[in-house]
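Residue numbers (the working numbering), protein chains in the order written: chain E, 9 to 310; chain A, 18 to 874; chain S, 10 to 145.
One structure is given here, and the rest of the page talks about it.
The following block contains the structure:
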């Protein structure tokens, strides 16, 4: 309800006006009903009662509803306008988001997951699809939603204006952990966004701290790379989210937990509890230090 | 001449004075004759007693069971809702696991829609319609009973699955691929269990339409019908066009679940969008199927409260018909976010807004009646006031949601949850409860408590608003529906907690209401006969209760006969009108013409039986066994069901009567047997086949849908159905159709042997056509791609119908051989040829698609 | 003509206001026109946008033509219904009595109102054709 984009602004205005109109109409209809059933004024003649039907039942609603229809239709093209250049391809998975940035003219996408960054005051186009079941892509504060189908591409666009972090969420029921399929949408000033995108394109930095280096060992030993990609390492799995810059994301587990080290540990060791039926196995067998080392390593992937 | 052609038998026409004059109606009936008549009527109509009571087929009994069962299912679904609200009371709640929660909301929605809302309409209509129309019973009482037992078995099966943690869990609209890929029997239970109930719903719709059209009292022209029966007519028609697409969808869906035919699997050319279309072509009219009958109840109560005739009768009829049509142009507003072209969304947005107008007309017609009347507040009116307050709110948010851009924002959020509960509580639950308070004296001859009623109202009304008003906000704050929990810190905690508290207030209100319904009332005196001083026919009911419906069936000349004709009641009671007696010991009701309700015949209606229970149980088996992949028992059960139904039809429908005509009272002699378009059976067949044709049309829609939405359909180089065999099949069906028609003509002209010959050759041609059709698709692999799968689906659909057609032909042959079907008594053959007209059209369309069309596209 | 001059006779009533079974179907003609128009709009746009059979601009143009045609058909139904209702001569706005004439006028009145609703529905359906361009 606090819009952060042009599309949401238009919708909010539409909503507020209609809400006011609806409130007035509701009061009129129910007020009339109350007045006549409780106060019992003298009965109207049949002729004037008929006029109530004609005016209240046909003429007034036709005009009001017709007006609303024209306004609503006139908003429709903006919500679906083509973007200014940047395209973001998002694939809904059970239950996370595969994200690819396609700047204008790009041959190769910049791959990320579970977080979407957008430049402010630009219209960004989204190309949406899904792997198995239907999901729906939605950032409430920025605008409307669009469903994601397996084997089909749908499109929408958004034009945010206020930099900040907004929550996005899957809106179409998609199985056991539908509730935990969220993401952060970060709107940045255009310059910051370009810098961020350039950094995102780079591979992962090698681990710096000792703990992180040990963590890399754990990562390799446990075979995490079979499912996850960390560009610049041997991990090239495509089943799960890309982790190249997981340490810089605002949340983990597709919006499930915060970004602290403890959250990371909790995620690795209690995956199934946190997200029912998730495909990633939990790793409770890791010792305390190993858990923390692995978490350190991942947190350092900025 | 040796072979003299026998003269066609004489078909009697109604004979005698009609309409009756006042003088005829004033002739008194002697007291002792009245007593004798009463005794005979009572003997014929009283339902059986003891354990045999459950074999009753009287509309009053079946209607009572039906509505109580639907109400019970509603309470169960309400309990599920309480669990849902408990889980959502606080963030990250661990009361219920995700899987269980998903089963709960799926069952809550499915049960409320399929086990409560639609059956409740049918139950109430079966209970009330004969009373409103002064009929003795519904035209096909055994069909109502069969429908009820199907509903009971199916409902217990579907709802019971939640106790075994095996309930469907993909949401009540079962979107594939989630629902097709779901492991476990949940989705199958939904598909097969509810299909079973849908078939029963259609049966009830057929019966209600025939009832409203042909079982009205003499003189009740269409402009005099109680508004309720107009609504029944419209809603029945809507069921015929809305349910079949879902049944077609279920058919494809179950083929995918059972045999892996990829109708909705995008990797093999399928498309999950087809299900969404089929589901919502059903789903949106469904909302109005629920809403209109409840409005119809209000339309019966308002004139009584205002103590004057309704204002805008034609306007309300217009609204019902208009809403019925427009509601079929709304379905895509459930699919605004699926990426359809903006223009398409625009059309549906327009229709969604246009439907506001007929809905508004109804409300304003009620309002106008009230302001022009002298209002007498009675308890049902309180519930109607609540309904209005809630429904207008839901309607106004509906106007917002109909605008596609706004829907993009709040689609699939708690805003929609709030909206739909406002429309359904305001448009269905409150009016139905108002109806229960209003008609309770009619049904039980006792009154419900005003004090408890007020308590229940205020608890449910405030509880409802506490629950659902905050949900608008929760949705606007971004909470999607169907989440089993939610994180802290998004501002969703407070509204969710408030909603949960409200839900328990609603539950308390329902507890009060249920107590009022079931508390013992033996000490309460019976009510006076017309406690609300209403003007419509149902209030001529007898106190204490009599099972005959109407002592005698009156001639009607106004919309409110009890207000306009002070002598009516006395004349009905003393048996001065039609059918005052049952000298042959048979249950009878009048059949009248569609527009002007002129008497056509005396219809014999059926008596208590256990056959309906057997038929329902076997039919249930045919649907329930496949859920567990037990196909052999399913086939056996299905065969037994067919056998039972055949025996039922054979033993009790269209039997030659003992006399051609009978005295219907007031000097009018009416036929006791009519075949062809005047008969109720023929109308029922026509209406059934209309629904069946709609289901078939949905499959054809599927074919063209794939062609439109898939770049490669039929896939280039795909193997088609064998053209020669397709042509042969078409030929076989045409020949068989011609033979059936010939048999009807020959039989009517008295050439029974020739007719029998045609009825022997007909089935052979049918069988030939069926074999050819199967051969045409046999080489195709239905699991490889959606195209061969769809051809197979067509072949199965046509084969199943062809098999039914074949059985019908044999049934007529047997009838002719054993004297059930004669040149004079040929209703069966008329009905069967009607079936064959429809079947031939669908078979030829299917053959055209399988053969030439698929090759040209 | 008034009843005093010419009391209605059973036969004549039967003839002038004869009840053909079609008159119920006639109620549905106007909304059926709306429905057909609606389905054609939807199908044409789908074929233009999803199948790409013809350009969407041309489709809009032809569909607007179709809208005019549909409105003419509905208008004709409405006019016939108005004559059947015959309110201008009789002045009777409602028809609560049991004579054939009441039933006849009632069906005219209802058909007229349904034609009005169908007109509104059809006009609404044409709004997107006027306001929206292209397939997005």
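Backbone N, C-alpha and C fix where the C-beta goes; we use that ideal spot for every residue, glycine too.
Because the structure is a prediction, the values reported are computed rather than measured.
Cutoff 8 Å: residue i Cβ touching any chain S Cβ
i, result
"residue 609 (chain A)", "no"
"residue 374 (chain A)", "yes"
"residue 190 (chain A)", "no"
"residue 302 (chain A)", "no"
"residue 19 (chain A)", "With a pLDDT of only 44 at residue 19 (chain A), under the threshold of 50, the placement of this residue in the model should not be trusted, and no figure is reported."
Chain E contact for residue i (CB, 8 Å cutoff)
i, result
"residue 370 (chain A)", "yes"
"residue 240 (chain A)", "no"
"residue 83 (chain S)", "no"
"residue 446 (chain A)", "no"
"residue 40 (chain S)", "no"
"residue 198 (chain A)", "yes"
"residue 35 (chain S)", "no"
"residue 431 (chain A)", "no"
Any chain A beta carbon closer than 8 Å to residue i
i, result
"residue 106 (chain E)", "no"
"residue 14 (chain E)", "no"
"residue 168 (chain E)", "no"
"residue 17 (chain E)", "no"
"residue 38 (chain E)", "yes"
"residue 59 (chain S)", "yes"
"residue 160 (chain E)", "yes"
Closer than 7 Å: residue i CB and nearest the ligand ADP heavy atom
i, result
"residue 569 (chain A)", "In the structure shown, the ligand ADP is absent, as is every other ligand, since no ligand is present at all."
Amino acids of chain A, ordered along the chain, whose beta-carbon sits closer than 8 Å to that of residue i
i, result
"residue 53 (chain E)", "389"
"residue 44 (chain E)", "384, 387, 388 and 392"
Interface residues of chain S facing residue i [CB-CB closer than 8 Å]
i, result
"residue 345 (chain A)", "44"
Within chain E, partners of residue i - CB distance below 8 Å
i, result
"residue 332 (chain A)", "61 and 65"
"residue 378 (chain A)", "61, 65 and 66"
Per-residue contacts from residue i into chain E (C-beta, under 7 Å)
i, result
"residue 137 (chain S)", "81"
Cβ shell of residue i (< 7 Å), same chain only, five flanking positions each side left out
i, result
"residue 222 (chain E)", "301"
"residue 632 (chain A)", "163, 658, 661, 662 and 665"
"residue 872 (chain A)", "737"
"residue 862 (chain A)", "717"
Partners in chain S for residue i, counting only beta-carbon separations shorter than 7 Å
i, result
"residue 339 (chain A)", "40, 123 and 126"
Cutoff 8 Å: residue i Cβ touching any chain B Cβ
i, result
"residue 141 (chain S)", "In the structure shown, chain B does not exist; the protein chains are E, A and S."
Beta-carbon contacts of residue i that lie in its chain and below 6 Å, excluding the five residues immediately before and after
i, result
"residue 258 (chain A)", "711"
"residue 713 (chain A)", "859"
Residues that residue i contacts on chain A, provided the C-beta gap is smaller than 7 Å
i, result
"residue 47 (chain S)", "346, 364 and 368"
Within chain A, partners of residue i - CB distance below 9 Å
i, result
"residue 313 (chain E)", "The requested residue 313 (chain E) is not part of the displayed model; chain E covers only 9 to 310."
"residue 130 (chain S)", "339, 342, 343, 346, 367, 368, 371, 372 and 374"
Close-in-space but distant-in-sequence residues of the same chain around residue i (CB under 8 Å, 5 per side omitted)
i, result
"residue 885 (chain A)", "In the structure displayed, chain A extends from 18 to 874; residue 885 (chain A) sits before or after that span and is not available."
"residue 622 (chain A)", "153, 154, 155, 156, 157, 158, 604, 605 and 606"
With 7 Å as the C-beta to C-beta threshold (strictly closer), list the residues of the stretch 59-88 of chain E near chain A in chain order. 60, 61, 64, 65, 66, 69, 70, 73, 76, 77, 80, 81, 83, 84, 85, 87 and 88
Residues, ordered as in the chain, of the stretch 179-201 of chain E that lie near chain A by beta-carbon distance below 7 Å: Under the 7 Å Cβ criterion, the stretch 179-201 of chain E contributes 179, 180, 181, 182, 183, 184, 185, 186 and 187.
Are the stretch 136-146 of chain E and the stretch 181-195 of chain E touching, with three or more C-beta to C-beta distances below 8 Å? yes
Between the stretch 363-372 of chain A and the stretch 38-56 of chain S, do three or more beta carbon pairs fall short of 8 Å? yes
For the 8 Å Cβ check, are there 3 or more pairs between the stretch 276-284 of chain A and the stretch 189-198 of chain A? yes
Within 9 Å of chain S by C-beta, residues of the stretch 608-630 of chain A in sequence order: Answer set for the stretch 608-630 of chain A: 610, 611, 612, 613 and 615.
For the pair the stretch 49-62 of chain A and the stretch 698-714 of chain A, tell me if three or more CB-CB distances fall below 8 Å. no
Determine, using beta-carbon pairs with one atom in the stretch 474-483 of chain A and one in the stretch 513-533 of chain A, whether at least three such pairs fall under 8 Å. With three or more CB-CB distances shorter than 8 Å, the stretch 474-483 of chain A counts as touching the stretch 513-533 of chain A.
Which residues, in chain order, does the stretch 69-102 of chain S contribute to contact with chain E at a C-beta distance below 7 Å? Within the stretch 69-102 of chain S, 102 place their CB atoms closer than 7 Å to a CB of chain E, listed in sequence order.
Is the number of C-beta pairs between the stretch 319-331 of chain A and the stretch 255-271 of chain A that are closer than 8 Å three or more? no
So if I threshold CB-CB distances at 8 Å, which residues from the stretch 716-728 of chain A count as touching chain S? Hits within the stretch, in order: 724, 725 and 726.
At a cut of 8 Å, does the stretch 126-133 of chain S reach the stretch 95-105 of chain S through at least three beta carbon pairs? They do not touch, by the three-pair rule.
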